[in-house]
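S.K.:
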Amino acid sequence: MKGDIKTLNMYCADEAIERCIAERQAFQSQGIFFDNKILHISEVEVTETKLIGDSPIIILGFQTQQVYCVRDKNGAITQGSHDTIQTVYYTWDMQP
Numbered sequence: 001m002k003g004d005i006k007t008l009n010m011y012c013a014d015e016a017i018e019r020c021i022a023e024r025q026a027f028q029s030q031g032i033f034f035d036n037k038i039l040h041i042s043e044v045e046v047t048e049t050k051l052i053g054d055s056p057i058i059i060l061g062f063q064t065q066q067v068y069c070v071r072d073k074n075g076a077i078t079q080g081s082h083d084t085i086q087t088v089y090y091t092w093d094m095q096p
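So for the sequence shown, this note's numbering puts the first residue at 1; every next one is plus one.
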């Protein structure tokens, strides 16, 4: 969410990093940024495990409660607010 590419490089596959960079650049070109904050993570579960070749894959699902706030380049709120809370569902594929 913060676009910390250095940290993403330590934990994510190249394809995921490229997608994050492209999304961030698209938002920046529109002059917007997300001022989100994760408040709570819940319902974490392993939804699937499998092998692709010799590589184990673990698929996790979870949900968050997070603040939804979009700001323009001047810092004005254009969507949501500092107290708009949304539930967001995630699926992560984990592999070594």
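All C-beta atoms in this analysis are idealised placements derived from N, C-alpha and C, irrespective of residue type, glycine included.
For the region 64 to 71 and the region 33 to 48, state whether three or more C-beta atom pairs, one from each stretch, are separated by less than 8 angstroms.
M.R.: Taking 8 angstroms as the limit for Cβ pairs, the verdict is that the region 33 to 48 does touch the region 64 to 71.
S.K.: Should the region 82 to 94 be regarded as contacting the region 50 to 62, the criterion being three or more beta carbon pairs within less than 8 angstroms?
M.R.: The region 82 to 94, when compared against the region 50 to 62, does touch it at the 8 angstroms Cβ threshold.
S.K.: If you run the structure through DSSP and keep just helix, strand and coil, what is Asp14?
M.R.: Of the three classes helix, strand and coil, the one that applies to Asp14 here is helix, per DSSP.
S.K.: Of the choices Gln86, Ile52, Pro96, Gln95, whose alpha-carbon is the least far from that of His40?
M.R.: The candidate whose alpha carbon is nearest that of His40 is Gln86.
S.K.: With a CB to CB cut of under 6 angstroms and the five nearest residues on each side skipped, what residues in its chain are close to Ser55?
M.R.: Excluding sequence neighbours, Ser55 sits near Gln95.
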